[in-house]
Every structure is written in C-alpha cells, then in structure tokens.
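**Q**
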Amino acid sequence: MPAWAGFQPGPWVDNIDVRDFLQKNYRPYAGDSSFLSGPSDKTSRLWNKCQELLRAEYRKGGVLDVDARNPITITSHPPAYIDRELETIVGLQTDQPLKRAINVFGGLNTSIKACQAYGYEPDTQMIDFFRKYRPTHNDGVFAVYTPEMKMARRVGIITGLPDSYGRGRIIGDYRRVSLYGVDRLKAGKKSDLILMDKKMEPSSIQLREEVFCQIEALQKMKEMAEGYGFNISRPADNALEAVQWLYFAYLAAVKEQNGAAMSLGRIANFLDIYIERDIAQGLMGEIEAQELIDQLVIKLRLVRHLRSPEYNELFAGDPNWITESLGGMGTDGRHLVTRTSYRILNSLYNLGPAPEPNMTVLWSENLPDNFKYFCSDLSINTSTLQYENDDVMRRYYGDDYAIACCVSAMKLGQETQFFGARCNLAKLLLYAINGGRDEMTGEQVGVEIPVYEGSILEYDEVMSRLKIQLEWLCELYVNIMNVIHYMHDKYAYEASQFALHDSTIHHYMAFGIAGLSVAADSLSAIKYAQVKPLQDERGIITDFSIEGDFPKFGNDEPRVDRIAAALVEDFINHLKKHPTYKNAEHTLSILTITSNVMYGKHTGTTPDGRQSGQPLAPGANPLHGREEHGALAALNSVAQLDYRHARDGISFTFSTVPSALGVNREEQVSNLTGLLSGYFMQNAHHMNVNVLNLETLKEAMDHPEKYPDLTIRISGYAVHFIKLTREQQEEVIMRTFFKRM
Amino acid sequence: MLGRIHSIDTFSTLDGPGIRTVIFMQGCFLRCKYCHNPDTWSRESDHSRDYTSEALMHIITRGKPYFDATGGGITFSGGEPLLQHQFLKEIFILCREIGISTAFDSSLYVSTNIIDNLLSCTDLVLADIKQMDRAKSQELVGSGNELNLSNIELINQRRVPIWIRYVVVPGWTDDRKDVEAMARFIAPLTCIERVDLLPYHALGRHKWSMLGIKYDLKDLHPPSREQMMELKLLVEKHSSKQVVIHE
Ligand code: SF4
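Heads up: the sequence lines are chains A and B, in that order.
Counting from 688, one number per residue, gives the positions in the first sequence under this note's numbering.
Counting from 11, one number per residue, gives the positions in the second sequence under this note's numbering.
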C-alpha cells in the first residue's frame, strides 16, 4: 500500500507540515473507554522480563550496568534486543536493556564522576582522547565563566544550570520521520541551505553549519535503523512502521543527547490516523493497536542516562521527562482527543503505573466529558497525570504545541527553548537584607551595600534593596545562560533533534525561580507584622523575631497574593532588559522539580519564620502547612499568578487522600473533574494531581520492596516514590495533604 | 453582622453534594461524647475569630467556579451553627442572590421557629440524628431528642431536602433496634434524599486532652467495615432511602 493511500491531501503533501496532515486526517473521538483492550500476550511476557530487569536495577542501587568504554552517539552501539520474539517495536540505547552509556559531549568530568559513583572506571584512552583533542560543552563554559558566575553557582543563588550535562527541553518533531521518511527531510534541509542568506556573518555561518550537522544526523539515524533491518528513508506504510519510525527518531535523540528532559511531543493523534487506517482496512484489531502503543511505552520506560549524584539531588528518581501531551482543542473548535489518546493512557493500566512517559493532559473546558472523567479516574487510581491549561496556552502556541519537561510549551518543529534551571528567590531576599553577603558562607556575592541597620525591617526599604539585588542577579543570570547555550551549540549540538525542526526556529530562553511562596510570605511578614532582624557574630542577619500575624500565600489573601504576583512580573521584566543569545525570547517558570529540598538546605532562616535548612515549597505551592483555609483557597492563590509573566509555566502540586474527594468513586471522579474545571477556568496553568493515602507512603518508606510501582507526582513530573531519598520522601509527606481532620 | 467562626475549609466533598466551602461556627450546647470538635464548644475561644459578612462572602464567592462545576455550594457546620442563625440567614440570602447553593449541618436540638425562619433560604439540611432512644440520647449528647426529631418533621413539611447523618458509635448507637427505629422514623419523610452513616473514629481525641476534658470513650474502637455494611442494609430495608457509608 502506498504510504499516503487514503489520506486527505493538503499543503502537507508538498511542504513539511505535520499539523496540516493532522488537521486534514484526524478523527476526534468523544466516546468512552469501553473499546480499550488489555495487554497482548506478547506485551505481558515482554513486560514481565523488563520488570525483572527493573527490580534488579533497583536492588543494585539504581544503576544496572554501565558501558564505560564506548561513548554514545547515534551509531555507536550495535542493534540490541530484550527478547526479539516478543518485541513488536525494537531499538535500545546500548547493547543491553537498562545499560547506561556515557555521553561525554556535555562534560567529561561529569561523566567520569558519574561512572565512578557507581563503581565503574571509564576507559583511559577515551578520557585521554577527549582531554587532548575534543573540548566538551563543560570545558567551553568554564573557559568563559567569570569568577562572579562561578561564585553565584557555588553558593547556590543560581543552581541546576545545564553547564555539565545536556540541556534538553528540545522536542524533535519525531512524527516527521514517519510521515515523510528521512530522505525527504534531508532533501528539505538541503534546499534550505541553498535558499539561505549568502552573506557570511557569525549567525549565518553558524546556521549553515548547524543545518549541515542536521543532515549528517539524519543520515546516521537511517544507518541506525538499517542495523535493525528497517529502511526509514521512505515514509511509513502502516501503523507498525509509523510507531517504529517515530521511535527510531526518538531513539536517535536519546542516544545523541542526555538532556535533562527529552520529551516526546504530541504523538497520539498522529499515530491514531495510521492505526485507524489499518483497522479500517482489516489489517489490525484493537488488541494489536494497543500492543503497538504498549510496546512503545515499554521502550520509553527503559530509556536511561548516566547521572552524577549531584544531578540526582536536583532531579530525584531518575526522571527523563518523556512528556507526551494529550488532548487539548483545535483552533477550529474540534477537540483533539482520539482513540489513541485513550490507548496511550491505557498503558498505565496495562503495564501498571510508572513515571514515564510523563502523561500530560492539555485541559480545556470543552474537552469531551468522557475523556475528562477517564483522566480523573486514572488520576485517582494511579497519581500519574499532570494537567495543563490548553485554553490559556493555545492563545500563544496554536494547536500543535507540546510540553517539554514539566510545563514548558512550544510549537512543535518551529520553536525550542534554552533551558536555564532556576534561581533562589528566598535567598535573594536575604541578600537584599544582608547587602549582598551570603547568609551561609559569609561571602560577598551580590551587590555590596551595608547590612540592614534598622531595628525593624521596613517594607519599602527592603523592597528597594531587593530591587538592587534583583537587577544584579537578572543581568548575571542572562549572561550565564548566554554562555551556556553558546557553548552547548558549539560542543554538544542536538543535531538529530534540530533536524526534526524547521531550519529557522524561534527560541525561548527559559529562566526559573524557586522559593516564590517563601519570598512572598517573608515580604508579607515585613509589611503586615513586625520583623526584627537579628545579627550573628559575623554581623550577618541570620535570624528574625516576628511579632504579630501576617497573611500567607495559599489562603486566597489578596494582600500577599499580590506580592507574589508582583515578584514574578518584576523578575521577568528585569530579565527582559538584557539581550539573549540567538535573540531568544525571555520566559520564566515557577517550578522546582525536587530541588526545593536542596535549595532549602542552602538557604538561611527567612523573615517569614521558616528555619534555616528547611525545604522551600515545590514550584508555586504555598509553603507546607501554611494553608489555613483548605484546598480551594490554595488553588485560588496560585491562580493569581499570571501566565503572561511566567510563560515557561507555573507548577502546582495538589495532593489529597481518596476519601477527601467523595464517598464513592463516582463522586470522587466528578469532584476531581470539577476541581480541575474550576481551577483552570480562572486561567491557572498547571496541576499535578496526587490521590494517595499517607499511610501507604509511610509504609512504602519502610518497605520499599512492597511498592515498586508506587508513583507520585512532584512539581511537574512523576517519580517512583521508592527512588527518592529519605529526605525527599519526608518532604513529600510533610507537604500539605488536603483532608478533613 | 459578625459571625464567630472556628475555621473555614474551602474544599470539602463530604458535607453535601459537590465541592463545598464549609464554615465551622464556634459554639455548641451539646456535649456529645464522641465529638470531633470539642474546641468549638465555647462561644469564645482563642482560635476562633469574628468575620464580617462581607469578609466571609469574599471567601465564599471565590469558590463559585468550583461550585458551578460540581453542583456544590456552602455548608455551615460547627459546633452548632444555628446558635448564630441570624448570621447564617444573612449569608444565605447573599449566597442566593449570586446563585450559590446553601446548606447547614445541625444537631437540630434548637427551637423550632429558629429553623423555620431559616428554611426559606436553605437548599439542603444535613440533619443529625444522634440517637432514637430518648434516654440514650440524654446520656450520649446531654439532651433528649424531642426537638431533633420534631424539627426534622418540620423541615420535611417545608419541603426542603434533607440528608440524615447518623454517627455509628459502638455500644452507643449501633444497636440494631435503635438503627431500625431511625430507619422507620425517616421512611415516610419524602424530603429525605439520603442517609450518611458515619463510623465513629478517634481522630478528634487529642483535642479533648489538649482542652483538659475527660474523654469517656477511651477504649472504643471504630466499627468494622462489615458492621457498617450490615447497618446500611438495615437502614435501606426499613427506609427505602439511599444510604452512603463515610470513611
Ligand atoms: S453537636 Fe456536634 S459540635 Fe456539638 S457536641 Fe455534638 S458533635 Fe460536638
């Protein structure tokens, strides 16, 4: 059958335009989940084998095996299988499932440390080669970093910067490989080169070189697939090939790169077109359709990168953020739910709950009720979903965007972002009070002004001091990001992922803040209560005595919610004053991943009464235990933060116990759906939903072996609870679980 | 007007249909032995505070999108909310004006005209039945049950929907005879839409010791799931009402 037989033609035939293909060919599905099928026999048997491997990996301390000799590239490793008979979809990163490779291009020293942390010695010849002949991204960055930049990084005012590992957050439009085949994509890139500006300036020279690398990467992708016996130079002919081609494209990306977030995009409806065509022609039934999806999901669950222990402290639980965006609405008013949206979610039942792929529901008021209920029910059963407001994002990104990582939206194939971790706003406030001296180390880090002298903290004085430090930090932050992304492009360019973008793309530069609620509460305390600063023997203010009450973020109290909203707006406005690499558009996220624990550890006592070393709140959440009026008040406070000023996402994690949602399942589903509706109706951006019993979590801490699949959502992603450190587990339990006492 | 409020929970799904904001009013004249909220008993307490109706309405209104999405609304609970019935009435009227559904959860051990006066702006009454047996009621909650039962009949006459709440306290209210009597009492009352059976649990016990009050039910264990199921069947059989077991 010709690859495109039966497809409705359109501009997509002549130009690379997956969205047009989708719009012309997808069929919305508003029905319920009763058509779904359980796992096929092959899938069950394959998954059993994988689960054994996963258990072995856990028992070995999180890493099953490491290939410390052969640095990974698209074609570095020969074809490999788990069990060829049982695999419908093939392809592994290395020669063994779960065996991790070293990806040296991000940073040699990080790779060496990561190997050694798990008891492996990297090949000395390989190390020598890189030392002598091939600088890495990390070398490039540190050649340029100023002492000030290094200091900011060391004291933890800015952390998690992608300066020694892959930056990630780039979503290749993997669908292009299935729809067009690699040859057509190569031809497109070649004609882009011909049409390009002939004037040779740094930017045009760079672009030409990048497109050249993209063409090479496409070639390698083809070679890699050939090893498995597939010819992906041509378009996929059927559903099996469509899934396989797409997975090869993704596999090339996770071989070439170890980015923190390697997201999948929005593949459900695309694959649905192929699956429904095959079903209509009698080539497959529902069991086979589900098998294709389950087998793809199995492969995605086996993706591994070798990380250093410091990395794990920031991003706990070995996440890859293989984010798949589901649902949402089309700009023409048709919803974007198909049967395959259900099939992908159904893998959580067929294979059991797991963090990957990172299932993200693009919520719209107009989604079909059946789909809303199905998702709510799945949340209550598995706590694996996050929800993001399509009605808000669609205005900016149209209807073929996807989420990278947790909350970062971008148009597929046309936009990408430079990931920039986050800075610690709570600490910055302490810098404002201490005239730029770090409250932990005593070093002069920020702008040097005298330590606050008055006996009571005055709001206006603190705010003007904060502005000085904010200006300093934002300029420094933009400059650090410029260095990192220049060097990443130079030494660790993601050629295979960018090959699946248009040649001219729009860049975002995504900054982030942690500790928003603590900073807002501190300013509220200063404004509405009496806060006395107390100096230690170094003359640094490290403690506060607070008299009187003050409104706290998370109680739907406009007096403090406005402070939080204004902090966000100020921050992005200060960032925007400074030019970015490749003219990227500045964006901001309020997201912490699990780094709120680590950030808290390095942040002294704050004027809101939070003690030194205590965790900050995750994402945009109110600080633990400060919500006095229950969940809606907390949700409403978070909804006050304006997405316009935080276009890289505002993450909120809602945790509750099943019984707090209603007395029976029907009520629970309806109430959770209503909760999401009410929240998103107010233009809120994101919600992680956890429906768990605290007792289960406590028991899982003591008996991890009994809970291998227990999955919970944390600030933008899901993790296996047992893979968190004890400290992080305790923090999760400390978090506010909404339930009636 | 000012209302003395113990606390507010903006998210409850257990106090009427849908998502509800529950306002726990300060003050109660009963002394139920199993009370979860003995800190609401006294009219004044350090932890409670006065709200103006405007301040409370501000909080309530913020829940409207959630109420609309789930058929929810507000519920006054306590303590005994009807001790502040004038404040309730004011809030209920304001809620009605903006299309927010109103409910109160009461022991109904209060004078009949207070209730009658409120019903015109009430969408749902969560009515406790503590104990059908008068003497047992006296011992368990410190008062006989005549008002409780006659008020339920009145509300039914006024055609306001009612959900019955019955706490199953082992040894005190779980006698099948008493439960059956309750079922027979409600059977003819057509406005009773459902019956919530709440198992006794000891979650509030720490408050008793904090307040320095002696807790009589010290050695009591919550009823088993099976026992709750049996009682549910019993109530269903003799009342033909929908019965829901809480956790
Ligand atoms: S009526 Fe309610 S608040 Fe009053 S004592 Fe009884 S259980 Fe406690």
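Even for Gly, the Cβ is constructed at its ideal location relative to N, Cα and C.
None of the values given here were measured: they were computed from a predicted structure.
For A:Val-777, which three-state DSSP category applies?
**A** Taking the first sequence and counting its residues from 1, one reaches residue 777 of chain A at position 90. Note: A:Val-777 maps to coil in three-state DSSP.
**Q** In this structure, what does DSSP give as the bridge partners for A:Leu-1049?
**A** Looking up residue 1049 of chain A in the first sequence gives position 362. DSSP lists A:Gly-1014, A:Glu-1075 as partners of A:Leu-1049.
**Q** Is it the case that the stretch 1001 to 1010 of chain A contacts the stretch 1091 to 1109 of chain A, given that we only count it when at least three CB pairs across the two stretches are under 8 angstroms?
**A** The stretch 1091 to 1109 of chain A vs the stretch 1001 to 1010 of chain A: in contact.
**Q** Grab me the residues of B:Val-179's own chain with a C-beta within less than 6 angstroms of its C-beta, minus the 5 sequence neighbours each way, in chain order.
**A** Here residue 179 of chain B refers to the residue found at position 169 when the second sequence is read from its first residue. Cβ within range, chain order: Tyr-44, Tyr-210.
**Q** Are any of the Cβ atoms in chain A nearer than 8 angstroms to that of B:Phe-114?
**A** Along the second sequence, one-based indexing puts residue 114 of chain B at 104. Closer than 8 angstroms: no.
**Q** Between B:Gly-109 and chain A, is there a C-beta pair that is closer than 8 angstroms?
**A** In the second sequence, counting from the first residue as 1, residue 109 of chain B sits at position 99. Output row for B:Gly-109: interface = no.
**Q** Would the beta-carbon of B:Glu-149 be found less than 7 angstroms away from any heavy atom of the ligand SF4?
**A** As a position in the second sequence, residue 149 of chain B is number 139, starting the count at 1. No, the Cβ of B:Glu-149 stays beyond 7 angstroms of every heavy atom of the ligand SF4.
**Q** Hey, is A:His-1316's beta-carbon within less than 8 angstroms of any beta-carbon in chain B?
**A** If you number the first sequence from 1, residue 1316 of chain A lands on position 629. For A:His-1316, the answer is yes, since a Cβ of chain B falls inside 8 angstroms of its Cβ.
**Q** Kindly list, in the order they appear in chain A, the residues whose Cβ is closer than 9 angstroms to that of B:His-256.
**A** Start at 1 with the first residue of the second sequence, and residue 256 of chain B comes out as number 246. Those are Ser-1346, Val-1350, listed as they occur along chain A.
**Q** Please list the segments of the alpha helix (DSSP H) lying wholly inside the stretch 796 to 876 of chain A, counting only runs of 4 or more residues, in order along the chain.
**A** As far as the stretch 796 to 876 of chain A is concerned, its whole alpha helix (DSSP H) runs of at least 4 residues are 811 to 820, 824 to 831, 834 to 842.
**Q** Indicate the three-state DSSP secondary structure (helix, strand or coil) for A:Tyr-1404 in the structure shown.
**A** Working through the first sequence from its first residue, we reach residue 1404 of chain A at position 717. A:Tyr-1404: strand per DSSP, three-state reduction.
**Q** Against chain A, does B:Phe-86 count as a neighbour if the rule is that its beta carbon must be under 8 angstroms from one of theirs?
**A** Position 76 of the second sequence, counting from 1, holds the residue named residue 86 of chain B. Output row for B:Phe-86: interface = no.
**Q** Taking Cβ-Cβ distances shorter than 7 angstroms, what residues in chain D pair up with B:Ile-139?
**A** Annotation note: the requested chain D is absent from the structure, which comprises protein chains A and B.
**Q** Determine the DSSP secondary structure at B:Leu-134, reduced to helix, strand or coil.
**A** In the second sequence, counting from the first residue as 1, residue 134 of chain B sits at position 124. Of the three classes helix, strand and coil, the one that applies to B:Leu-134 here is strand, per DSSP.
**Q** Along chain A, which residues have their Cβ under 7 angstroms away from the Cβ of B:Tyr-76?
**A** Translated into positions along the second sequence, residue 76 of chain B becomes position 66. The contacting residues are Leu-1319, Gly-1361, Leu-1362, Gly-1365.
**Q** Applying the 10 Å Cβ sphere with the 16-neighbour rule, what's the burial state of B:His-231?
**A** Here the question's residue 231 of chain B lines up with position 221 in the second sequence. Per the 10 Å Cβ criterion, exposed.
**Q** Anyone know if the C-beta pair for B:Ala-137 and B:Ile-84 falls short of 8 angstroms?
**A** One-based indexing of the second sequence puts residue 137 of chain B at position 127. One-based indexing of the second sequence puts residue 84 of chain B at position 74. Against a cut-off of 8 angstroms, the Cβ pair of B:Ile-84 and B:Ala-137 comes out as no contact.
**Q** Is B:Leu-24 close to chain A? Criterion is C-beta to C-beta, closer than 8 angstroms.
**A** By 1-based counting over the second sequence, the position of residue 24 of chain B is 14. Chain A contact via Cβ: present.
**Q** Output yes if chain A places a C-beta closer than 8 angstroms to the C-beta of B:Cys-50; else output no.
**A** Along the second sequence, one-based indexing puts residue 50 of chain B at 40. Note that residue 50 of chain B is Thr in the sequence shown, not Cys. No - not a single Cβ of chain A is within 8 angstroms of the one on B:Thr-50.
**Q** Nearest CA to the CA of A:Ala-1431: which residue from A:Ile-776, A:Glu-888, A:Leu-1397?
**A** A question about residue 1431 of chain A goes unanswered here, because the residues of chain A that appear run from 688 up to 1428.
**Q** Reducing DSSP to helix, strand and coil, say where A:Gln-695 ends up.
**A** What you label residue 695 of chain A is simply residue 8 of the first sequence in a count that begins at 1. Coil, per DSSP.
**Q** Alpha carbon to alpha carbon, how far is B:Tyr-61 from A:His-1311?
**A** Translated into the one-based positions of the second sequence, residue 61 of chain B becomes position 51. Translated into the one-based positions of the first sequence, residue 1311 of chain A becomes position 624. Computed Cα separation, rounded: 25 angstroms.
**Q** Pick from A:Arg-1413, A:Ser-1070, A:Val-700, A:Val-1350: whose alpha carbon is nearest that of A:Leu-872?
**A** Within the first sequence, numbered from 1, the residue matching residue 872 of chain A stands at position 185. Considering only alpha carbons, the answer is A:Val-700.
**Q** Distance, Cα to Cα, B:Glu-236 vs B:Gly-154?
**A** What you label residue 236 of chain B is simply residue 226 of the second sequence in a count that begins at 1. What you label residue 154 of chain B is simply residue 144 of the second sequence in a count that begins at 1. Using only the alpha carbons, I get a separation of about 30 angstroms.
**Q** Whose CA, out of A:Arg-1081, A:Leu-1099, A:Tyr-915, lies closest to the CA of A:His-1193?
**A** For the purposes of this step, residue 1193 of chain A is taken as the residue at position 506 of the first sequence. For A:His-1193, the nearest C-alpha among the options comes from A:Leu-1099.
**Q** Alpha carbon to alpha carbon, what distance is there between B:Cys-201 and B:Arg-169?
**A** Counting from one through the second sequence, the residue named residue 169 of chain B turns up at place 159. Counting from one through the second sequence, the residue named residue 201 of chain B turns up at place 191. Cα-Cα distance, rounded: 6 angstroms.
**Q** Label A:Pro-996 either buried or exposed according to how many other C-beta atoms from any shown protein chain fall within 10 Å of its C-beta, with 16 as the threshold for buried.
**A** Within the first sequence, numbered from 1, the residue matching residue 996 of chain A stands at position 309. With fewer than 16 Cβ atoms within 10 Å of its Cβ, A:Pro-996 is classed as exposed.
**Q** Could you compute how far the alpha carbon of A:Ser-1051 sits from the alpha carbon of A:Ala-1253?
**A** The residue labelled residue 1051 of chain A in the question sits at position 364 within the first sequence. The residue labelled residue 1253 of chain A in the question sits at position 566 within the first sequence. When rounded, the distance between both Cα atoms is 27 angstroms.
**Q** Spatial neighbours of A:Glu-1135 within its chain, please: CB distance less than 7 angstroms, with the 5 preceding and 5 following residues excluded, ordered by chain position.
**A** Here residue 1135 of chain A is taken as the residue at index 448 of the first sequence, counted from 1. Cβ neighbours of A:Glu-1135 beyond the five flanking positions: Gly-1122, Gly-1123.
**Q** Per DSSP, what kind of secondary structure is A:Pro-1055 in: helix, strand or coil?
**A** Taking the first sequence and counting its residues from 1, one reaches residue 1055 of chain A at position 368. In the structure shown, A:Pro-1055 sits in coil (DSSP, three-state: anything other than H, G, I, E or B).
**Q** Please report the distance separating the alpha-carbon of B:Ser-8 from that of B:Pro-75.
**A** Not covered by the structure: residue 8 of chain B. The range shown for chain B is 11 to 257.
**Q** Using the beta-carbon count (16 or more within 10 Å), is A:Met-926 buried or exposed?
**A** Within the first sequence, residue 926 of chain A is the residue found at index 239, counting from 1. With the sequence shown as reference, residue 926 of chain A is identified as Ala, and Met is not the correct amino acid for it. It is buried - the Cβ of A:Ala-926 has at least 16 other Cβ atoms within 10 Å.
**Q** Is A:Pro-1040 buried or exposed, if buried means 16 or more other CB atoms sit within 10 Å of its CB?
**A** As a working note, residue 1040 of chain A is residue 353 in the first sequence. So A:Pro-1040 counts as buried.
**Q** Between the C-alpha atoms of B:Phe-195 and B:Ser-249, what's the straight-line distance to the nearest angstrom?
**A** As a working mapping, residue 195 of chain B is identified with position 185 in the second sequence. As a working mapping, residue 249 of chain B is identified with position 239 in the second sequence. Distance between the alpha carbons of B:Phe-195 and B:Ser-249: 8 angstroms.
**Q** Which chain B residues are close to A:Asn-1323, counting only those with a beta carbon under 7 angstroms from its beta carbon?
**A** As a position in the first sequence, residue 1323 of chain A is number 636, starting the count at 1. Neighbours of A:Asn-1323 on chain B, chain order: Arg-72.
**Q** What number of angstroms, rounded off, separates the C-alpha of A:Gly-875 from the C-alpha of A:Tyr-934?
**A** Residue numbering aside, residue 875 of chain A sits at position 188 when the first sequence is read from its first letter. Residue numbering aside, residue 934 of chain A sits at position 247 when the first sequence is read from its first letter. One C-alpha to the other measures close to 21 angstroms.
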